[in-house]
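One structure below.
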Amino acid sequence: MTPEACKNEHDNLIMIVRMMITHLGDTSNLILDPDLDSFYLMDVSVVALPSAQERISTLITIYNSLIKKGANDQEEKLSLAIQNALFQQSDLDRIFSGIDTALNEDNNFYGKSESLQKNISVPLEKFKKSTGNFTKLLLSLKAEQLTKTDPKILEAGNEALEDSFSLWDTCSSELQVLLELRILKFQNDRLSSLMLSALALVISFFLVWYIGRGLNNSFIQISGNSKKLIVSSNNQKLVSKSMVANATETSAQANAIASAAEEVSVNIQSVASAAEEIGATIREIARQSQQAAQVANEAVSIAETGNKAVLRLGENSNIIGNVIKVITSIAEQTNLLALNASIEAARAGEFGKGFAVVASEVKELAKETAKATEDIRTKIEGIQSDTREAVSSNEKTRNIISKIHEIQSTIAGAVEEQAATTREITRNAADAATGSSEIAKNISGLAEAARSTSKGATELETAALGLDTMASELEKIVKTFQIKS
-13 MTPEACKNEH DNLIMIVRMM ITHLGDTSNL ILDPDLDSFY LMDVSVVALP SAQERISTLI
47 TIYNSLIKKG ANDQEEKLSL AIQNALFQQS DLDRIFSGID TALNEDNNFY GKSESLQKNI
107 SVPLEKFKKS TGNFTKLLLS LKAEQLTKTD PKILEAGNEA LEDSFSLWDT CSSELQVLLE
167 LRILKFQNDR LSSLMLSALA LVISFFLVWY IGRGLNNSFI QISGNSKKLI VSSNNQKLVS
227 KSMVANATET SAQANAIASA AEEVSVNIQS VASAAEEIGA TIREIARQSQ QAAQVANEAV
287 SIAETGNKAV LRLGENSNII GNVIKVITSI AEQTNLLALN ASIEAARAGE FGKGFAVVAS
347 EVKELAKETA KATEDIRTKI EGIQSDTREA VSSNEKTRNI ISKIHEIQST IAGAVEEQAA
407 TTREITRNAA DAATGSSEIA KNISGLAEAA RSTSKGATEL ETAALGLDTM ASELEKIVKT
467 FQIKS
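Just so we're aligned: 395 in our numbering is position 409 of the sequence shown, and the numbers increase by one with no gaps anywhere.
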């Protein structure tokens, strides 16, 4: 077989093995494992380690090809670098992180696996060391080293491959241990469930016997109670009938009281309206009384002013009287002087005739003056008499107006007090109307409650009849049960 055919056979074998591993992971449902420790061990065993082993073989193959083709084959050099980077960043990181997670989460599922913590650390460290050495040698390759095969690189690759298989065996074994622990836990749980089920079955049989015995006693008691229930239902029917009659009578009385209360409310509202009208009339009287009092005040003021004017007129007439007295005195003296002049003229004879004529005229003038003065005095005395009567009348008028003012003030106060009383009556009547309306509403509510009570009593009677029927049926059922048992 040629080397090329051998390589193809090897690749086909590796592909078949990978397919078997993948099929195993898919059909075993391990990829759906909810437990993190076994899930990550499965991932390392089924996916990560086979991929890493294939990658190591690929790196060794590319290295051998590069040695054959020479250092100038850039495609092979690039392929070697890419595969080496994928090996470190994809395969190794997945393996190491998966194992670390499995170790950390192991204690959280079905207890800590001592074998996992103990057995996996040694092959893991060897795998880390060998893969680290292998990748380091690949990274440090130089052009002059690609002229011939370096046995250290091949040995490092083979060592890494062997350590990966060793780690794979350990991971597979520990995965089996974890699965066996889970199976054991499930078996114990199933056994516990079976034991609990058996215990529950025994308890159920005991409870059935005990409950059946209790039910028999209970049915005996129910039979006696059903008879009492029939008697009670009959009494309840009588009571409900009495309640219906009382509720009907109460409803009728409440309706009558409600009608009377409505009538009282209407009457009180009429009284309130009349009181309001009276109040308006009283307020109008009070307003007119206040106006009359104001007019009386003005009349008093005018009377006082007129009285003062009349008094001044009397005083002036007195002054005029005094002047008339002076004029009268002067006229008398003039008359006396005229008489003396006439006497002297008579003595003078012819020489005194002219003087006698003048004296005579003066005497006549004095007489006329005295007469006019007397007339004026008489009229002034009449004026003074009339003035005194006017002053007296004005004083009486002022007194009467003052009394009228006092009476008007008294009337205004009484009217105001009456208006306040009327307002209070109106307010009380309104309150009474409101109260009677509330009473009417409450009584209407009472009538409605009485009707509801009547309805409830009727329903109670119906329920009592149904209860009587149910009690009879219950008694029949109990008798049937006792016969069967």
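All residues carry an ideal CB built from backbone N, CA and C; glycine is no exception. In this text the structure is predicted, and so the values were computed from the model without any measurement.
query: T412 versus K227: straight-line alpha-carbon distance, rounded; result: 48 Å
query: Rounded distance between the beta-carbons of S150 and L45, thought under 8 Å; result: Not really, about 12 Å apart at Cβ, beyond 8 Å.
query: Beta-carbon spacing of E160, S101 below 8 Å; result: yes
query: DSSP-derived helix/strand/coil call for I106; result: coil
query: At least 3 beta-carbon pairs within less than 8 Å: the region 338 to 355 vs the region 310 to 324; result: yes
query: Extent of the continuous alpha helix (DSSP H) to which D29 belongs; result: 22 to 29
query: Whether Q74 touches T135 by CB criterion (8 Å); result: no
query: N- and C-terminal bounds of the alpha helix (DSSP H) containing G84; result: 79 to 91
query: Chain-order list of residues whose beta-carbon lies under 7 Å from that of F113 (same chain, five-residue window excluded); result: D149, S150, L153
query: Residue from G118, N94, E290, I169 whose Cα sits closest to the Cα of E381; result: E290
query: Beta-carbon proximity list for L27, same chain, < 7 Å, skipping 5 on both sides; result: A88, C157, E160, L161, L164
query: Rounded separation between G335 and N304 - CA only; result: 46 Å
query: Cβ-based burial, E330 [other Cβ within 10 Å; buried from 16]; result: exposed
query: Proximity winner among L127, S24, I139, relative to N94 (alpha-carbon distances); result: S24
query: C-alpha distance - F337 paired with L325, whole-angstrom precision; result: 17 Å
query: Any non-hydrogen atom of the ligand ATP closer than 7 Å to Q69 Cβ; result: This structure lacks the ligand ATP; in fact it carries no ligand of any kind.
query: Endpoints, the alpha helix (DSSP H) within which E336 is located; result: No alpha helix (DSSP H) contains E336, which DSSP labels as neither H nor E.
query: Coil, strand or helix - F120 by DSSP; result: helix
query: Collapsed DSSP secondary structure at F95 in the structure displayed; result: coil
query: Reduced DSSP secondary structure (H/G/I, E/B, other) of D136; result: coil
query: Spatial neighbours of K470 in its chain, beta-carbon cut-off 8 Å, leaving aside the 5 residues before and after; result: Here the model assigns K470 a pLDDT of 48, short of 50, so the residue's position is not dependable, and the following value carries that caveat. Counting only Cβ-Cβ distances below 8 Å, and skipping sequence neighbours, we find nothing.
query: CB of E62 within 8 Å of CB of I48, strictly; result: yes
query: Buried or exposed by the 16-neighbour rule on C-beta atoms within 10 Å, applied to I366; result: buried
query: Alpha-carbon spacing of A327 relative to K357, whole angstroms; result: 21 Å
query: Supposed close pair E145, S126 - CB separation, criterion 8 Å; result: In fact, because the Cβ distance is near 17 Å, the residues do not count as touching under 8 Å.
query: Nearest candidate by alpha-carbon position, reference R374, set G421, V309, G300; result: G300
query: Proximity winner among K128, R409, A186, relative to A525 (alpha-carbon distances); result: Residue 525 lies beyond the range of the chain shown here (-13 to 471); nothing can be said about it.
query: Beta-carbon proximity list for T314, same chain, < 8 Å, skipping 5 on both sides; result: A356, T359, E360, R363
query: Spatial distance of S178 from S99 (CA atoms); result: 23 Å
query: Exposure label - L193; buried when at least 16 CB within 10 Å; result: exposed
query: Neighbour-count burial assignment, Q39, 16 or more Cβ in a 10 Å radius; result: buried
query: Span separating the alpha-carbon of A406 from that of V252; result: 24 Å
query: Sequence-distant residues of its chain with Cβ nearer than 7 Å to A345 (five each side left out); result: A324, A327, S328, A331
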